[in-house]
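Numbering (my numbering), first residue to last: 120 to 358.
The beta-carbon is built from N, C-alpha and C at its ideal position, and this holds for glycine as well.
Below is one structure; the comments refer to it alone.
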Ligand code: ADP
């Protein structure tokens, strides 16, 4: 089943004559259980692609379908509900709330969605346990290492029945060992059925993906499904 379908997406910022074509006719499909890495030079449209996939921003034209629902046909409230229930985001700087424990951070999205406290906490504990953090549930962010904080951020992004995980340079602030650990955890989430799109500039990390998509100037210019081809693909697109 396709969790995410993006069809002929364009995004234009600003107005003529100063408009910026951030995306120009991008197609991207991600099946349940698949991990897609997005690479490309700075300014090529990677973050725009993620924010549109996550319904945080609307495309100028084109269609985004998440779990079979076309976002353009949903009301604002329905889109917000889909965002809360189905989509998880991981940001480079983690964005954990310092006054909340790891467990409270992870269960917060469910609580905000009206799930009862007990059920939300149970789901939060499961998500933390899946990421090897069962023992850290009651720790506050400043009592956790950088790698642990990142794992809490991933747990928060996949808690409950989320099906789409979107991560923008999730390993950007980590050393290479922790960066690799993050990719392994996202891979594990995919094994449990989540579809993931991860923006990264690191070919080594991208090689964990089922598919690597390369964008330049708002267009998908290349892709590969073979980890060993990532370096040669990058070689074809010097920045
Ligand atoms: P990347 O993530 O690959 O660095 P972005 O998606 O952030 O690329 O940006 C793509 C293009 O769109 C860039 O030219 C950027 O300046 C422009 N852009 C992104 N967001 C905005 C915005 N909110 N307003 C105007 N221009 C934007």
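query, result
"Indicate, with yes or no, if the ligand ADP has a heavy atom lying under 7 Å from the CB of residue 148.", "no"
"Compute every distance between the C-beta of residue 326 and the non-hydrogen atoms of the ligand ADP, then say whether any falls below 7 Å.", "no"
"Starting from residue 351, trace the beta strand (DSSP E) both ways and give me its first and last residue.", "Premise fails: residue 351 lies in the alpha helix (DSSP H), 349–355, not in any beta strand (DSSP E)."
"Mapping the DSSP letters down to three states, classify residue 211 as helix, strand or coil.", "coil"
"Quick one: residues in its chain with C-beta nearer than 6 Å to the C-beta of residue 207, no 5 flanking neighbours on either side, listed in chain order?", "276, 277, 281 and 284"
"Following a CB-centred definition, is residue 134 positioned closer than 7 Å to any heavy atom of the ligand ADP?", "no"
"Taking 7 Å as the cut-off, is the C-beta of residue 141 nearer than that to any heavy atom in the ligand ADP?", "yes"
"Is the separation between the beta-carbon of residue 265 and that of residue 224 shorter than 8 Å?", "no"
"For the ligand ADP, is there any heavy atom lying closer than 7 Å to the beta carbon of residue 290?", "no"
"Assuming residue 386 and residue 149 make a contact with CB atoms under 8 Å, what is their CB distance in whole Å?", "There is no way to answer for residue 386, as the model of the chain reaches only from 120 to 358."
"Starting from residue 180, trace the beta strand (DSSP E) in both directions and tell me its first and last residue.", "180–185"
"I need the straight-line Cα distance from residue 147 to residue 182, nearest angstrom please.", "11 Å"
"Grouping DSSP H, G and I as helix and E and B as strand, with all else coil, what is residue 137?", "coil"
"Go ahead and pull the three-state DSSP assignment for residue 343.", "strand"
"Can you name, in chain order, every residue of its own chain whose Cβ lies under 7 Å from the Cβ of residue 349, other than the five neighbours on each side?", "322, 325, 326, 331 and 343"
"For the region 252–277, list the alpha helix (DSSP H) runs that are entirely contained and at least 4 residues long, ordered along the chain.", "265–277"
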